[in-house]
Amino acid sequence: MTNKTFVLIASVALWSASSLAATIPADTMLTVETVSLVSSKDAVGRTFEAKIAQDVPVKGTVLLKAGAKAFGKVRSSRANPRKNEPLTVELTSISVNGRNVAIKTDSVEPGTSPRTTRQVRHGITAGTTVINPGTRMQFRLAQPVNL
């Protein structure tokens, strides 16, 4: 292969990759539907699966289709009784064209458990928060995502 042929092939490959590249800007809202159950009794760091619930368009082009896999993790929970934190979750990656792309979203506190006045005064949360499969949640991208 000559140098000119190699340069031509490399240029075409670079052009093809860059023409497919796109960015979902920070502050874009991602609506997901949970696939797995998540509970406030789950350990911090436990992962869960979800799917994108609606297309994500940017400048008129759908960059992320509804049904794409998404993955998240428990950011805080009541699994450690000493901390007694509310359940919060965040998304950590999305599946795009068969590859996982890391993302950073703001944490979401899905629903709060009912509390009595006494529990509020003493910082105690009543009950267990459960996110059932099929629950819709919205996450805000904290950073842009390069696809």
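So the working numbering is basically just the index in the sequence shown, starting at one, shifted up by 152. No residue lacks a Cβ here, since even glycine has one placed at the ideal position from N, Cα and C.
Check                                                                                        : Outcome
DSSP three-state assignment for N298, whether helix, strand or coil                          : strand
Backbone secondary structure at L293 - three-state DSSP                                      : strand
Beta-carbon proximity list for N252, same chain, < 6 angstroms, skipping 5 on both sides     : S245
T244, DSSP secondary structure in three states                                               : strand
CA nearest to the CA of L215, picked from A174, V241, K225                                   : A174
Among K256, A294, S188, nearest to K203 - alpha-carbon criterion                             : S188
Distance CB(R227)-CB(V241) smaller than 8 angstroms                                          : yes
Contact belief for R310 with D179 at Cβ below 8 angstroms, rounded distance in angstroms     : No information on residue 310 is available, as it lies outside the stretch 153 to 299 that the chain covers here.
When T213, Q295, V184, P238 are compared against G279, the one with the closest alpha-carbon : P238
Where S259 sits in the DSSP three-state scheme                                               : coil
Strand pairing of K193, partner residues [DSSP]                                              : Paired residues: none, contrary to the question.
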